[in-house]
Each structure stands twice: as C-alpha cells, then as structure tokens.
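Read left to right, the sequence shown gives residues 53 to 489 (our numbering). For every residue, glycine included, the Cβ atom is placed at its ideal position computed from N, Cα and C. First comes the structure, then the notes that go with it.
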Amino acid sequence: MIAAGGADAVYNYGPTVMLDRGQTRMWWCSQYGGAGPPGDDILYAQAQSMDGPFTGPGGGIPAAVFSGAPGNFDGTHTCDPSVLRVGSTYYLYYTGAAGDHALGNAVGLATSPDGVHWTRAAGGKPILGPSHDVHRANVYGAGQPSAVYLDGWFYLMFTDTTGRAAGWNGAGQFVLRSHDPAFAAGVQALDVGGFVPVASTATPRTRSVVDGFSADLMWAGALDAWVIAHETDEGTTLTFWTAGFTEHPFQPVVVAGPWKEGPGLVRRSDGHAPLSTADPCDRVPFDVVRATAIGGAAAPTGLRHYGLDLLGSQACGNPGRVAATFDGVTMPSPERTMDLVRAGKRVRVDRRVVALSLAGELLDKAPPAVAVLPVAARLGSGAEAVQTPGRGFALVLDDHRLWRVPDGGVALNNGSPPHTVTTAQWDSYAPGPSLGG
C-alpha cells in the first residue's frame, strides 16, 4: 500500500496521479471529520517516486485540500479528482454533490497556482451535469471526470448514467472537448462520426468510448493513441483508440490484480503518458494506482501501485515518431539552456522555470534521437509578450512569430509582462505553434 489518509480517514479511492517537475503528486477521494461538511473530501500527498511513501505537503499525513461548499451543488461531497497543470495553472475536475445521488452528481472545476490551494471556477457552478436522455435505475448522474490537455484542447471524459449511449446499468464513458477549461464555450462532443460542435455540455450523449465506470484517460504520444484504463473482471483493462476515436489500433491489455474501485493512471502534468527513463524509444510504461480492499466503512481503500511496460514501441523509428513521442518534453540543450519539443521542433528556452512551466515532462539528459528535430526558435528572457481578448497570451520569439502560451503566468515568469494589442495587431504577426500542450 502506497498511500492512505490519516486521522479518521476510513476510505481511499479514485486517485489521480501526476509526475510533475520531479515529484509524484496524488489527489484522491477520502474523508476527514474535521475537514468541513460531513462528506467526501479530496486529499493530497506527494512522494519522490510512485511507490511512495506519500505524505502531506510538509510531511506527515496527507492534507484535505478540497471539501464541500455548503449551499452549492457540491455542498456535501467532492470526490473523483482529475488534475492537470497547463502553464502555471492547475485544474481540478471533480464530482460534486449536495447529498445522496438522486441524479444530483455533477462535474465541477477549481483552479490553483500550486495544486494545494484551490479556488472554485465557473462561479462555483457545475460545468457539466446529467443529460437526462434516459432515466435508469442507476441514479448516479454525471461525474467521475478524467481530463487531458492536447494540442490546445481540454478533453473531458466522464460518466453519465442518464446518457443515451450508456448501458442498461448506466455504464459508459463520454467525451467532450473545448479550448476553454471550463467548457463554457466552443464545446465539441464525440459523436458516431467524430467530434461535432454542440451548444453546451448538456448535449445528448450519443457515443460511449468504453463500457465502464470510474475510468481514466491518457494520451500516449509514443503510440499516437488514447489509452483508457477501466476495471474488468481480470484487473485494469487498457483500451486503445486512435486520435479521433475512430478505431482500436491495438488489442486491449490487462494490468492484473485485485481492485475495488476505478484506477488512476500515472500521467504527466498534461495528462499524457510519461516516457520510460530506461529506454524512451522502445518502452512505454503503464502504471496505475487503484483501491484494492473494502475497509471498515464498507468503502474502497488500500491504494496500491501496479504496472507493466509495453516493449518494441519503435517510438524513435522516424522523425515523425520522435516528434510525437517527445512532444511537450523539455531537456537540457547543448547551449546551457533548455530545449522544449513542440510541433516537431525544438525551442531553446533561456529560463529553466519557463521551460518547466510549459513542459509536460522533464528529462535530465537529451536522448540522441531528439537531435533529428530542428531548432526553430529561441525563447529569450524578456521576450515580447502580447495579449488580446478572445485570443489569450503569446510570446514573440526571435523568429518573429507569435507563439501562444497557456496563460499570463508563463510570460511573467519569463520577465515578459504582456501588453494588450488589438485583434488586427495580433493577426499582423506570423503565427507560430503553441508553446503549451
């Protein structure tokens, strides 16, 4: 067992696990009697490796970092966390409820500068609730979110027992995406033919990607595929989908062993699969943490780490595969700066803190295969930063192109206070790729 709540915590389940700038960070569902209203709390702990021991931010027992807000939709329960870091901001997607099920579960969002101190987003309102397509005997509602950031899109997979395409028992996983982390605008839903624009997150759920509850989603660049971890009779099954969720590129794989509640994949800060430190060009690690026993409160507990490695990935077989495998990864450059791989190229970054805020993963040494990727630009300290309403933030690099960044915090860390420009001025710059995710 690698982690458990202290004090009077009697259950521990639903983890989200992040490899973040040299630390393994984990948030999960538990309950402390002194943390707030009686109900589920989200605990946090960190360790130097995924085998623990996991302790609170200052050592000692894990900390309750997010609890119910009486009077709101999540007044009693906050559970099932899924955490991303995009730029300098952490995003917590979670299940919230004011009481027992009765279709009251919904998905909420909170943000943080450090992953410990959280502020509710979207005015404290849910960003997603039950669709009410079909009312079944299972009255859970909507929840159990899993989020990934890929190519500027926030992807959100979730349970909705009222979804049209759910099974007879409410099982099923639905997917939305948006450039807005709160999914308040520009929402697209995964339909039978792919992603289609919809008016809101309340759209009918017409397609499920896996038959299960409490699943976790991850993007594996080395395989150019999505990975969904969900529980089956044998253990945690890994189901693979192509980028557009059109077909299964690989057969399912089972991480065997006991389980009592859904798994948490060990992921990068952006929700991508981490690289193998032993051999990133041939080996792809799949690690999960899951509850394995029923504790004294007749609820899941016993968080344990399981995993396996896929061998023979040929992830460095050609420049395209190298670009996909190392996308979002930063590493030392030959010039005592940091190289960040984005969109098939390397960007040389002067400030390490900026490279780390933009990266999903840090390598201590550059693999030889990365040398095939050209150096496109240099991100120097104090580079010009611009912003405009509706477009966000960007840095002007030495190639005179506009490279988007996820938030203004990245620019400030670079010593580049953003100045506001008009839409016309923004459009006058030659566009470059996004520097983040």
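Limits of the unbroken beta strand (DSSP E) element including residue i
i, result
"glutamine 98", "93-99"
"glutamine 196", "194-202"
"aspartate 339", "335-346"
"arginine 400", "397-401"
"alanine 217", "Segment: none, alanine 217 is in no beta strand (DSSP E) and carries neither H nor E."
"cysteine 81", "75-82"
"phenylalanine 118", "115-118"
Nonlocal neighbours in the same chain, by C-beta distance under 8 Å from residue i, ignoring five residues either side
i, result
"alanine 570", "No answer is possible for residue 570: the residues shown for the chain start at 53 and end at 489."
"isoleucine 346", "Lys312, Pro352, Thr353"
"leucine 425", "Pro371, Val374, Ala375, Phe378, Val393, Gly396, Lys397, Arg398"
"tryptophan 478", "Val438, Thr440, Arg443, Ala446, Leu454"
"valine 17", "Since the first residue of the chain shown is 53 and the last is 489, residue 17 is not available in this structure."
7 Å Cβ cutoff, residue i in contact with chain B
i, result
"threonine 291", "No chain B is part of this structure, which consists of one protein chain only."
Per-residue DSSP class, three states only, for residue i
i, result
"glycine 359", "strand"
"aspartate 451", "coil"
"valine 69", "strand"
"threonine 171", "strand"
"threonine 141", "strand"
"alanine 421", "helix"
"valine 406", "helix"
"glycine 323", "coil"
"glycine 488", "coil"
"glycine 222", "coil"
"glycine 176", "helix"
"tyrosine 146", "strand"
"phenylalanine 106", "coil"
"glutamate 413", "strand"
First and last residue of the uninterrupted alpha helix (DSSP H) at residue i
i, result
"alanine 463", "460-465"
"glycine 372", "371-377"
"serine 480", "475-480"
Spatial neighbours of residue i in its chain, beta-carbon cut-off 6 Å, leaving aside the 5 residues before and after
i, result
"threonine 291", "Val262, Ile280, Pro304"
"leucine 317", "Asp268, Met270, Ala281, Val340"
"aspartate 126", "Gly120, Gly148, Gly160"
"proline 485", "Arg394, Ala395"
"aspartate 276", "Ala376"
"tryptophan 79", "Thr68, Ile94, Tyr96, Pro133, Val135"
"proline 89", "Gly120, Pro122, Thr128"
"glycine 412", "Arg320, Ser321, Asp322, His324, Gly380"
"glycine 181", "Ala158, Ala194"
7 Å Cβ shell around residue i - same chain, five flanking residues per side excluded
i, result
"proline 249", "Gln240"
"proline 332", "Ala367, Thr377, Pro419"
"threonine 344", "Pro310, Trp311, Lys312, Gly354, Arg356"
"aspartate 402", "Thr389, Leu431, Gly432, Ser433"
Just list the beta strand (DSSP E) runs in the stretch 253-312, keeping only unbroken ones of 3 residues or longer that don't cross its boundaries, in chain order. As far as the stretch 253-312 is concerned, its whole beta strand (DSSP E) runs of at least 3 residues are 268-272, 277-284, 287-293, 305-308.
contact_flag[the stretch 219-238, the stretch 197-209] where n(CB pairs < 8 Å) is 3 or more: With a cut-off of 8 Å, the stretch 197-209 and the stretch 219-238 count as touching, because enough Cβ pairs lie within range.
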